[in-house]
Amino acid sequence: MKALKHLNKYFFKYRYRLIIGIIITILAKIFALFTPRLVGASINVVSDRFYGKISYEVFKSELITNILYLVGAAVIAGMFTFLMRQTIINVSRYIEYDLKNEIYQHYQVLSLNFYKSNRTGDLMNRISEDVGKVRMYVGPAIMYTMNTITLFCVALIYMINTAPKLTMYTLLPLPILSISIYKLSRLINKRSTIVQESLSTLSTYSQETFSGISVIKSYGIETRTNTEFEGLSSENRQKQINLTKVQALFFPLMILLIGLSNLIVIYIGGLQYMNGEIENIGTIAEFIIYVNMLTWPVATVGWVTSLVQQAEASQQRINEFLKTEPDIKNFAESPTAIKGDIEFNNVSFVYPDTNIEALKGISFKIDSGKTLAILGKTGSGKSTILDLIGRLYDIDNGNIIIDGKSIKELHLNSLRESIGYVPQDAFLFSDTIKNNIKFGKEDATDEEVIEAAKNARVHRNIVGFKKGYDTILGERGITLSGGQKQRVSIARAIIKKPDILLFDDCLSAVDTETEEKILKNLVKLTKDKTTIIVSHRVSSAKNADTIIVLEDGKVIQTGNHESLVNTDGYYKQLYTKQLSEKEMR
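Residues in the sequence shown are numbered from 1 upward in steps of one, following this note's numbering.
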């Protein structure tokens, strides 16, 4: 139960609702337990009339009165039971809502390294399946537990007051029940954990299959993926069956023990009545009703125990990553104004998940409002520089200085809000094109959206669609071509009007003519903004104030276009090669 202690703060938050629910539960059971006493009293009236102890008029009057009380008690108990469910089950939905929000908010603060080491399907399973299991604990499990405890307490008081010795014999099977529940619950906990882990594996495989469906179809491996999925499904099915086999032992065991209690009541109660220890025959009927009223609550003990064990296994999985601390921490207490002066001072960086040394003693400086271009071969560390400026990772050695302060001294949200970032692999959400562009500025007007799209040279493509800017994109923007996705991503960055613009080879899928038009627009838009352009093309870099060339994580050339073209080295070779390719086209 240690893992479930995490939920105590939510119980405290909704304590008043829960207290009201508990009071209603007690009232519902008190009125429900009028039934056995009234039935017993009615049987006694019938018995007295049979033996001529009372007149017909008294018999009729008392029987009708008991029936009216019986109906009234049942109606009131039913009303309270309805209110009990409305109160406690609603609390479980509130807690489910809060827990999902807590998990999602924690997802947002965790660093990129966390997502590289955890699979999407598993993360989705924790916020859906695992939270669902926890909700069953904070709702139905608590409700039925309170229901059972209240019923037992009230019923036992009535039973002991009526026939203490018969009560003792009636409850004899319960210790056997408790021991059985304890042993079975431990086994359920173990198998529930295995089932949840299996579900995570199945969810991850499904998510990866759906995301990569185009690759699967293009390689014609549908049969193979179906076979692998069937294998995982069969494995999950068997684990679910193993869990169900244990859970299935509960109800037969409960029914057996409750049936045994009924036999004890009839046998012992009958002997006591014949021996004169019990005065009224109605007491035996009353006890049989008590035992049968306790049948469902006792039977639910097993089910509730199963729910609690499953919830504990799920909450433990949730707690595992809720306790995960983000690698990137915000050390500044107040927001920071960002101008855009950036300096790398002997910066080195090793990716924590792969131990690849991406940067080795990098140093450069770019003043606010200037443009820096970074060129180099694949894997030379170009994109890493942009990630470090956005503080998606923290460096190992050296220092990154922005506006004269170490990057760690800046408020993390202020830093990232001041950056407009266009990644190499443009990611678009399954939403309208308009909303994807407005992602950079939620309160942007339609005119601002259109202006940004025009500057990114994608407006004509968008208005060509049937629904224009209201066109819904497929997952990851699959509706658009590679070049269109990149240009929408550029529009999303420039509509934000940030102080720092980072372009990570975002024109690679665009033809050279469109590239030149976009770059001309960007020159106008980035006059007073610090801009860093990562590219494989000289055409994207030639207008920059400063150009650096990377190789194997080190700066091998620095200068502007004119100086580098006239200097032997990588830049001149790349320029000559791309110029000749352009002339050939």
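Glycine residues also receive a C-beta, built at the ideal position from the N, C-alpha and C atoms.
- Counting only runs of at least 3 residues, the segment 94-118 fully encloses no beta strand (DSSP E) element at all.
- Contact between the segment 367-384 and the segment 531-546 is present, with at least three C-beta pairs closer than 8 Å.
- In the three-state DSSP reduction, G420 falls in the strand class (E or B).
- Taking a 10 Å sphere around the C-beta of N399, we find fewer than 16 other C-beta atoms and assign the residue as exposed.
- Each residue's CA atom was taken as its position, placing K524 and F210 some 41 Å apart.
- Considering only V422, Q424, K245 and F439, the residue with the shortest C-alpha distance to S430 is F439.
- When the beta-carbon positions are compared, T244 and Y144 stay at least 9 Å from each other.
- In the DSSP annotation of this structure, K329 is not part of any alpha helix (DSSP H), being labelled neither H nor E.
- With fewer than 16 other Cβ atoms from the protein chains shown falling within 10 Å of its own Cβ, A248 counts as exposed.
- The shortest CA-to-CA distance from V46 to any of S61, F34 and F331 is the one to S61.
- For V523, the uninterrupted alpha helix (DSSP H) run begins and ends at T512 to L525, by DSSP.
- DSSP places N345 in the strand class (E or B) of the three-state scheme.
- The DSSP-derived three-state label of N435 is helix.
- Under DSSP, Q557 takes part in a beta bridge, and its partners are V549.
- Residue burial annotation: P173 is buried, with at least 16 other C-beta atoms found within 10 angstroms of its C-beta.
- For the 9 Å CB-CB criterion, I556 and V565 do not form a contact.
- As the crow flies, the alpha-carbon of E515 is around 59 Å from that of L307.
- If you draw a straight line from the Cα of S192 to the Cα of Q309, it comes to about 7 Å.
- Assignment of K360 by DSSP, reduced to helix, strand and coil, places it in the strand class.
- Here the alpha carbons of E325 and Q240 stand approximately 33 Å from one another.
- Contact between the segment 52-66 and the segment 93-113 is absent, with fewer than three C-beta pairs closer than 8 Å.
- Residue nearest to V109 within the set L322, S218, F152 and I26 is L322 (criterion: CA-CA distance).
- Membership of I400 in the beta strand (DSSP E) is indicated by the continuous run N397 to I402.
- By a beta-carbon distance limit of 8 Å, A332 contacts L410. Their separation comes to about 6 Å.
- In the three-state reduction of the DSSP assignment, S206 falls in the helix class.
- Beyond the five residues adjoining it in sequence on each side, D327 comes within less than 6 Å, by CB distance, of S111 and N113 in the same chain, given in chain order.
- About 4 Å separates the Cβ atoms of G553 and K360, confirming a contact at the 8 Å cut-off.
- If you ignore the 5 residues before and after S180, its C-beta comes within less than 7 Å of the C-beta of L253, all in its own chain and listed in chain order.
- Under DSSP, I533 forms a beta bridge with A373 and F503.
- Out of T526, P498, A541 and D528, the CA that lies nearest to the CA of T512 is found in A541.
- One Cα belongs to S314, the other to I142, and the distance between them is close to 17 Å.
- For T445, there is no enclosing alpha helix (DSSP H), as DSSP marks it with neither H nor E.
- Taking a 10 Å sphere around the C-beta of Q484, we find 16 or more other C-beta atoms and assign the residue as buried.
- Inclusion of E208 and R119 in the CB contact set at 9 Å is warranted, their separation being smaller than that value.
- Boundaries of the alpha helix (DSSP H) harbouring P164: P164 to T170, taken from the DSSP string.
- Here N262 has I288, V291 and N292 as same chain residues with Cβ atoms under 8 Å from its own Cβ, once five neighbours each way along the sequence are excluded.
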